[in-house]
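> Quick one: structure below, then a few questions.
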Amino acid sequence: MPSSLSKVRASTNARAADAVVVPVASDGMGGRPAGADGEVPWAFLEARGFKGKAGEVVAANGADGPVLYVGVGQAAAVDAAVLR
């Protein structure tokens, strides 16, 4: 069964969370995915050596609070186990 990727823009204004987590694939998921604020700060991540490998984490200050960019490896290999 083929999978599909949809871009969804969600507001973080009315959230009840300590941080927003943005999964980032090492291959850019076919293009650079948008984060919680609509854009992933690629220069910021790259300056910290972030490659999107599974298990990598970079914390940043977002407009509405902390944002954690979490590497999930190659997009084709992302499944429930990787996201856990």
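FYI, in the working numbering the residues of the sequence shown are 1033 to 1116.
Backbone N, C-alpha and C fix where the C-beta goes; we use that ideal spot for every residue, glycine too.
Suppose contacts are defined by Cβ-Cβ distances below 7 Å. Is A1107 in contact with L1100 by that definition?
Going by C-beta atoms, A1107 is not nearer than 7 Å to L1100.
> When burial is assigned at 16 or more other CB atoms within 10 Å of the CB, is V1072 buried or exposed?
By the 10 Å Cβ count, V1072 comes out buried.
> How big is the Cα-Cα spacing for V1089 and G1103?
For V1089 and G1103, the distance between alpha carbons rounds to 6 Å.
> For a test of your reading of the model: does the CB of Q1106 fall under 6 Å from any non-hydrogen atom of the ligand COA? Yes or no.
The ligand COA is absent from the structure shown, which contains no ligand whatsoever.
> Please name the residue or residues paired with A1079 in a DSSP beta bridge.
Answer is none; A1079 lacks a bridge partner.
> Nearest to D1050 by alpha carbon, out of G1097, V1114, D1111?
Selected option, being the one with the closest Cα: G1097.
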